[in-house]
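Numbering (the working numbering), first residue to last: 3 to 179.
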């Protein structure tokens, strides 16, 4: 009996690892956008103040890099418990109670919000793809529809990371106290 419960627990932990793998890889890869942002910012400032040059596409590129970093790293940071919290109560709770809060919060808050964002963004993103939406500014970036696609992608990655959190919490709750 003990071996079966350990096998189930390890299966949940493995499933959590599989669920977290994609958001983790995508988030770590997207983190390199911070380097791109720093280089773009430096180039924008140097060109503007050094040579009185500037391009709308470069400034929009900085915004696009920021959006990409933010949207694709959300789930990864959630998985590392790296989001800012105001832990008035949570920090004082027992590990078991924290698992319950993580599990219930994921199921009742994270997943419904992500589902709503995903559903509501689909028409918005589809409309952008239909017209291959570009910047409204002359000389701006042509692929705005690609950036808008990050909205449902981010929601999907958050849901997947939530699955990993739920699996880990459930596995911890199944362990004997």
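From the three backbone atoms N, C-alpha and C, an ideal C-beta is built for every residue, glycine too.
- Return the chain-ordered list of same chain residues with a C-beta closer than 7 Å to the C-beta of residue 171, the five sequence neighbours on each side being excluded. In the chain shown, counting from the first residue as 1, residue 171 sits at position 169. Non-local beta-carbon contacts of residue 171 in its own chain, meaning distances under 7 Å to residues more than five positions away in sequence, involve 101, 104 and 105 in chain order.
- Item | Top-ranked residue by Cα proximity to residue 247, from 110, 94, 159 and 69 | No statement about residue 247 is possible, as the shown extent of the chain runs from 3 to 179 and does not include it.
- Task: Output the boundary residues of the alpha helix (DSSP H) element that contains residue 125.
- Result: For the purposes of this step, residue 125 is taken as the residue at position 123 of the chain shown. 113-132 is the span of the alpha helix (DSSP H), which, as asked, contains residue 125.
- So what's residue 12 in DSSP terms, helix, strand or just coil? Counting from one through the chain shown, the residue named residue 12 turns up at place 10. Three-state DSSP puts residue 12 in a helix.
- Task: Grab the span of the alpha helix (DSSP H) containing residue 50 for me, first residue to last.
- Result: Position 48 of the chain shown, counted from the start, is the residue given in the question as residue 50. It spans 35-53 - the alpha helix (DSSP H) in which residue 50 sits, taken as one unbroken run.
- Item | Residue from 98, 46, 94 and 68 whose Cα sits closest to the Cα of residue 178 | To locate residue 178, count along the chain shown from 1; it is residue 176. The shortest C-alpha separation from residue 178 is found at 98.
- Take the Cβ of residue 31 as the centre, count every other Cβ of all protein chains shown within 10 Å, and call the residue buried at 16 or more, exposed below. Here the question's residue 31 lines up with position 29 in the chain shown. Classification of residue 31: exposed, given that the 10 Å Cβ count is below 16.
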